[in-house]
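First comes the structure, then the notes that go with it.
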Ligand SMILES: [Zn+2]
């Protein structure tokens with residue numbers, strides 16, 4: 046039986062239950078997803094620390110996104 050269409054990452058194997066694995070996968074995919082820099086438009090925005098995103102191309106720093114997990 047296939048439930049939902051969300052992708053589940055393999056890092057946690059069969060441990061911790063389905064809900065926590067789904068939550069973990071969603072968070073990881075969001076953290077690693079490509080984001081566009083508001084300054085130069087390049088897809089090089091990376092998370093520096095919680096809530097601070099830094100562009101690898103132009104060095105522009107943006108705050109926000111700390112609570113979308
Ligand atoms: Zn940039």
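In this note's numbering, the protein residues as written are 46 to 114.
Backbone N, C-alpha and C fix where the C-beta goes; we use that ideal spot for every residue, glycine too.
Just so we're clear, the structure is a prediction, and the values are computed from it rather than from any experiment.
Item to complete: Decide yes or no for the touch test of the region 60 to 70 against the region 83 to 99: beta carbon pairs closer than 8 Å, at least 3 of them.
Response: no
Worksheet item: Considering only residues of the same chain and omitting the five flanking positions on each side of residue 97, which have a CB-CB separation below 7 Å?
Response: Only 106, 108 meet the Cβ criterion.
Worksheet item: Who are the near neighbours of residue 80 in its chain, counting only those whose CB is closer than 6 Å to its CB and skipping five residues on each side?
Response: Setting aside the 5 residues that flank it on each side, residue 80 is surrounded in the same chain by 90, each with a C-beta closer than 6 Å to its C-beta; the list follows chain order.
Discussion item. One question on the structure: do residue 76 and residue 52 come within less than 8 Å of each other, judged by their Cβ atoms?
Written reply: no
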